[in-house]
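There are 2 protein chains.
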Amino acid sequence: MAAARKNSPYELFYWPGIPGRGEYVRLALEEAGAPYVDVARERETGMDEMMALMEGEGTRHPSFAPPFLRDGRVVIGQVAAILLYLGPRLRLAPKSESAALWTHQIQLTIADFAAEAHDVHHPISVGLYYEDQKKEAARRAEEFRGARIPKFLDWFEAVLAANGATKEKPRLVGKSLTYADLSLFHTVDGLKYAFPKTMGRLLRSRPLVTSLHSSVGKRPKIAAYMKSERRQPFNENGIFRHYKELDR
Amino acid sequence: MAAARKNSPYELFYWPGIPGRGEYVRLALEEAGAPYVDVARERETGMDEMMALMEGEGTRHPSFAPPFLRDGRVVIGQVAAILLYLGPRLRLAPKSESAALWTHQIQLTIADFAAEAHDVHHPISVGLYYEDQKKEAARRAEEFRGARIPKFLDWFEAVLAANGATKEKPRLVGKSLTYADLSLFHTVDGLKYAFPKTMGRLLRSRPLVTSLHSSVGKRPKIAAYMKSERRQPFNENGIFRHYKELDR
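Set out below in structure tokens:
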């Protein structure tokens, strides 16, 4: 799993138009300064290539859904699996098996959190519009704001504290930045966009999560990326959506 | 990651009373004939030990939720991460990085499928009873039966076909049994319990998934386990629940 010098860029396949789950992969690639192509956005034939790969053309390992990453002959789907693969290659994961697995476990919990954030506006079906499940979404949002967000944030705060994190050096695992830090940054960022009132209230008593979020956002490569055209803004087609009626 | 001979049993921590997500880990341990303790069921102090570990007492890596596994000083949560760890140790994962990662990716997709199966009866909140979200569950079940189960089953059928699987030798990855085969077995088993009519209809046109399910169930160690007291039956407290009104 050596971080060999790469000549050909990584190819990221994800729906254009939203940060979405692809953003967890983009942030790792951006922080590492790794060359990559956001295929469906940057290549004219990108969407066709993506759909063909999902149908199993040109790969023995077709993914159930985007995002997926191609690195030469390897194609990998599922955000957490992609980051498990990229982690050591981008120097964004610890080396020991135990610490690497713990980083992965945190990532999987972030994935669960993001899935719940998505299901707030789609409690009935991904096949229906939000407008067709608004009533159910209002009920789910109440539980998400009141019970789930606090529970997840408390867990991340505890993980940071157990790692000896400080407001000056807020890291989830060890002393170096990992992909899990980047992913928690993005999740908090998305939740602040979707639930500004709720998050404003909840973050006040989670100082370590708060400072992880602000310190990652200030990293030179992340800050430059956020201002670039490569970064797509949050909107109401993605995971983290702002509907005023769901935030209180 | 060698499969060293173990003296001390693995310790599995999971809620007693349901197969639940713990079952994915149990099936791997059972198939491998690995010694393990189902702590919360088998030890008088098991529940207290489990809750203490979740609170961070006695581990630097407290899990967000059960199941988690303790192997000496290592504590790992999240089913897919546990199986990533156990796979090579129990000889239930392929050796090459690429094939091991693909097995893991399939496992993560199984985890997504199981989460959706759970949310059918809990579309609004895990903190409320089914009875308090029955109306929403009925809507979600319709989508799950009509769109999601077929989509997932089609993907697994395609993965099996792309692997050259046959009805006689239905394997998801390579030619040997992996933890992903065991996990798909359990998921199909759970769905057959929860949605007998739907699954009876859908499995007819998915011969590879069907034969994977029946062939895993006939493996000597799995069959013996299923008849033992270690196996807890499906019921209406777990992931896969049978509510007549949700199946058609």
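Protein chains in written order, with our numbering: chain A, 1027 to 1274; chain B, 1027 to 1274. For every residue, glycine included, the Cβ atom is placed at its ideal position computed from N, Cα and C. Keep in mind it's a predicted model, so treat the numbers as computed, not measured.
Straight-line gap, residue i to residue j (C-alpha atoms, nearest Å)
i               : j               : result
residue 1125(A) : residue 1215(B) : 34 Å
residue 1118(A) : residue 1154(A) : 37 Å
residue 1116(B) : residue 1236(B) : 25 Å
residue 1027(A) : residue 1110(A) : For residue 1027(A), the predicted structure reports a pLDDT of 43, less than 50, and the residue's modelled location is therefore unreliable. A value from the coordinates is still provided. Each residue's alpha carbon lies about 11 Å from the other.
residue 1137(A) : residue 1105(A) : 8 Å
residue 1129(A) : residue 1270(B) : 41 Å
residue 1171(B) : residue 1149(A) : 15 Å
residue 1217(A) : residue 1135(A) : 15 Å
residue 1247(A) : residue 1113(A) : 17 Å
residue 1039(B) : residue 1207(A) : 27 Å
residue 1280(B) : residue 1256(B) : Nothing about residue 1280(B) can be reported from this structure: the residues present for chain B run from 1027 to 1274 only.
residue 1186(A) : residue 1233(A) : 10 Å
residue 1029(A) : residue 1058(A) : Low per-residue confidence applies at residue 1029(A): pLDDT is 48, beneath 50, and the placement is therefore not dependable, though the value from the model is reported in the following sentence. So the alpha carbons of these two residues sit roughly 11 Å apart.
residue 1262(A) : residue 1062(B) : 47 Å
residue 1181(B) : residue 1190(A) : 43 Å
residue 1204(B) : residue 1240(B) : 15 Å
residue 1164(A) : residue 1161(B) : 14 Å
residue 1072(A) : residue 1188(B) : 24 Å
residue 1121(A) : residue 1201(A) : 12 Å
residue 1056(A) : residue 1251(A) : 7 Å
residue 1077(B) : residue 1083(B) : 9 Å
residue 1050(B) : residue 1157(B) : 27 Å
residue 1245(A) : residue 1096(A) : 27 Å
residue 1209(A) : residue 1254(B) : 42 Å
residue 1268(A) : residue 1108(A) : 28 Å
residue 1211(A) : residue 1131(A) : 16 Å
residue 1075(B) : residue 1086(A) : 44 Å
residue 1094(A) : residue 1228(B) : 28 Å
residue 1242(A) : residue 1099(A) : 32 Å
residue 1272(A) : residue 1035(A) : 40 Å
residue 1152(A) : residue 1166(A) : 15 Å
residue 1079(A) : residue 1070(A) : 16 Å
residue 1033(B) : residue 1092(B) : 24 Å
residue 1222(B) : residue 1103(A) : 31 Å
residue 1159(B) : residue 1060(A) : 46 Å
residue 1197(A) : residue 1043(B) : 37 Å
residue 1213(B) : residue 1274(A) : 38 Å
residue 1081(A) : residue 1101(A) : 13 Å
Host beta strand (DSSP E) of residue i (start-end)
i               : result
residue 1038(B) : 1036–1039
Span of the alpha helix (DSSP H), counted from its first residue to its last, around residue i
i               : result
residue 1058(A) : 1048–1058
residue 1238(B) : 1233–1244
residue 1161(A) : 1160–1169
Residue of the options minimising C-alpha distance to residue i
i               : options                               : result
residue 1140(A) : 1241(A), 1220(A) and 1240(A)          : 1220(A)
residue 1264(B) : 1041(B), 1088(B), 1086(B) and 1248(B) : 1041(B)
residue 1053(B) : 1249(B), 1087(B), 1274(B) and 1273(B) : 1249(B)
residue 1230(B) : 1183(B), 1244(B) and 1245(B)          : 1183(B)
residue 1065(B) : 1202(B), 1085(B), 1037(B) and 1107(B) : 1037(B)
residue 1224(B) : 1102(B), 1253(B) and 1174(B)          : 1174(B)
residue 1266(B) : 1274(B), 1045(B), 1035(B) and 1097(B) : 1045(B)
residue 1168(B) : 1188(B), 1157(B), 1152(B) and 1143(B) : 1143(B)
residue 1259(A) : 1048(A), 1132(A), 1145(A) and 1244(A) : 1048(A)
residue 1090(A) : 1244(B), 1081(B) and 1179(B)          : 1179(B)
residue 1226(A) : 1193(A), 1176(A) and 1075(A)          : 1176(A)
residue 1088(B) : 1199(A), 1213(A), 1273(A) and 1145(A) : 1199(A)
residue 1194(A) : 1133(A), 1238(A) and 1146(A)          : 1238(A)
Proximity test, Cβ basis, 8 Å: residue i and chain D
i               : result
residue 1087(A) : You won't find chain D in this structure, because its protein chains are A and B.
Near the ligand ADP: residue i beta-carbon under 7 Å from a heavy atom
i               : result
residue 1150(B) : Annotation note on the ligand ADP: not contained in the displayed structure, which lists no ligands.
### Query
Counting only runs that start and end within the stretch 1174–1228 of chain B, where is the beta strand (DSSP E) found for 3 or more residues in a row?
none
### Contained beta strand (DSSP E) runs [length at least 3] in the stretch 1062–1089 of chain B, N- to C-terminal order
1062–1064
### Query
What runs of the beta strand (DSSP E), each 3 residues or longer, lie entirely inside the stretch 1088–1123 of chain B?
1094–1097 and 1100–1103
### Query
the stretch 1120–1139 of chain B: which residues have C-beta closer than 8 Å to a C-beta of chain A, in chain order?
1123, 1124, 1127, 1128, 1130, 1131, 1134, 1135 and 1138
### Message
By the 7 Å beta-carbon criterion, what residues does the stretch 1030–1054 of chain A contribute toward chain B?
### Response
Those residues of the stretch 1030–1054 of chain A placed with their C-beta closer than 7 Å to a C-beta in chain B do not exist.
### Against chain B: residues of the stretch 1148–1170 of chain A by CB proximity under 7 Å
1149, 1150, 1151, 1153, 1162, 1165, 1166 and 1169
### Task
May I ask you to list, following chain order, the residues of the stretch 1174–1187 of chain A that have a beta carbon less than 7 Å from some beta carbon of chain B?
Within the stretch 1174–1187 of chain A, the qualifying residues are 1181 and 1184.
#### Entry: Interface residues of the stretch 1092–1109 of chain A facing chain B [CB-CB below 7 Å]
1100, 1102, 1103, 1104, 1106 and 1107
### Message
Tell me which residues of the stretch 1191–1203 of chain B have at least one Cβ-Cβ distance to chain A shorter than 7 Å, keeping chain order.
### Response
none
### Query
In chain order, what residues of the stretch 1210–1229 of chain A put their CB closer than 9 Å to some CB of chain B?
none
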